[in-house]
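Taking it in order: structure first as structure tokens, then the write-up.
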Amino acid sequence: QLPLSETYMAQMRQYLRHSRRYFGSSEAQQLKTTKLCEFHKSKGGKMVDFAGFYMPVQYANMSIQESTLHTRKNASIFDVSHMGQLRYFGADRVEFLEHLLVGSVKPLKSNQVKYSLMCNANGGIIDDLVFANLDEANYHYMVINAGRITQDLAHIDDQIATFKAKGKDVDYEFVDTDALIAFQGKTAVDTLSRLVPEFDFNELKFFYLTQLNVKGIPMQVSRTGYTGEDGFEIAVNNDRAQEFVEILLNESGVELAGLGARDSLRLEAGLCLYGNDIDESTTPNEANLLWTISKKRRESCPFVGGSVVKDQIENGVQRKRVGLIGVKGL
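The sequence shown begins at 46 in our numbering and counts up one residue at a time.
The following block contains the structure:
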């Protein structure tokens with residue numbers, strides 16, 4: 046990992062200048078909030094409009110650069126409750142998801158998580174997302190981007206209507222009862238291990254999830270994240286989210302982090318940001334995300350937009366997303 050360059054930090058400062066900040070204004074009251082909104086403000090969170098949500102971009106005790114470096118060396122708490130959480134039910138939900146998403150769904154093991162894409166009829170990426178197979182609870186779980194909730198749900202509704210018209214059994218629900226907390230960083234695993242000594246976190250593999258109780262608080266813990274660091278994404282009931290965050294903050298080396306640090310961390314890890322790196326005019330091939338489609342599925346591309354994707358696999362594309370690494374900061 047390279048130190049944050051002055052060039053990148055200048056770009057981040059420019060980004061923040063163009064972000065909309067609110068300090069008790071009537072406009073701020075019109076934004077959506079997470080359950081932790083007042084908690085963020087009480088902790089010195091600098092609040093901005095992000096995808097229609099009132100969210101902390103950083104906190105008063107750390108700059109974005111300091112928070113980014115802290116996450117690399119220690120552990121940070123990110124509130125990502127603005128993201129959409131869905132649950133799919135029904136006997137034919139696997140068949141439906143195989144049609145909706147570019148990645149294969151049927152091979153997922155119990156409690157396994159997978160990154161995938163949802164495309165339109167032209168092969169353009171409507172959203173990138175993660176989903177999981179909770180077979181013991183008899184549903185599939187999905188997390189979608191906050192800024193794409195409206196578009197995603199409209200597309201899913203259309204596809205489900207067509208699917209159900211064929212006599213298929215599938216439904217979904219939007220989960221608004223749970224907060225979503227990302228706990229990321231070098232010491233995140235050790236921290237949770239101290240809090241739940243009866244559970245061996247070495248047994249929780251990357252991109253798998255489990256159900257745990259932390260100090261009496263039930264939650265779903267996924268060994269996933271979008272920072273390039275080790276850690277977890279944790280779904281916990283709204284009513285106990287602040288209690289859980291405060292438990293984490295009482296542990297050594299744990300700090301709150303905002304969206305600014307999360308963006309710098311995902312960028313250095315080469316992870317896509319929807320609306321910046323990918324959008325509905327970008328196909329999986331052009332986005333250099335063809336790895337989300339197994340070799341077997343590439344032969345037929347049996348998903349929405351698959352004919353375009355298959356044609357590009359066979360004939361190539363005119364453009365492709367690439368990453369640039371700065372050897373030395375300017």
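C-beta atoms are modelled at their ideal positions from N, C-alpha and C, and glycine is treated no differently. No experiment lies behind these values; they were computed from the predicted model shown.
- A distance below 8 angstroms separates the beta carbons of Ala302 and Ser121.
- Where His115 is concerned, the enclosing alpha helix (DSSP H) starts and stops at 109–118.
- Taking a cut-off of 8 angstroms for Cβ pairs, the region 204–220 and the region 117–134 touch, as three or more such pairs fall below it.
- Only residues of its own chain outside the window of five on either side were considered, and among them Thr79, Ala224, Leu225 have a CB closer than 6 angstroms to the CB of Ser126, listed in chain order.
- Following the DSSP letters along the chain, one finds Arg132 inside the beta strand (DSSP E) bounded by residues 129–134.
- Taking the Cβ atoms as the reference, Leu316 lies roughly 7 angstroms from Gly273, within the contact range of under 8 angstroms.
- Listed in chain order, the non-local C-beta contacts of Ala96 below 6 angstroms within the same chain comprise Ala191, Gly192, local neighbours out to five positions each way being set aside.
- Along the region 220–283, the alpha helix (DSSP H) occurs as fully enclosed runs of 4 or more residues at 233–240, listed in sequence order.
- Around the beta carbon of Phe251, fewer than 16 other beta carbons sit within 10 angstroms, so the residue counts as exposed.
- In this structure, DSSP gives Val147 a state outside helix and strand, which the three-state scheme calls coil.
- With distances taken between CA atoms, Lys151 lies nearest to Glu140 out of Thr232, Glu140, Ser238, Leu237.
- The three-state secondary structure of Ser121, taken from DSSP, is strand.
- The beta-bridge partner set that DSSP reports for Pro329 is empty.
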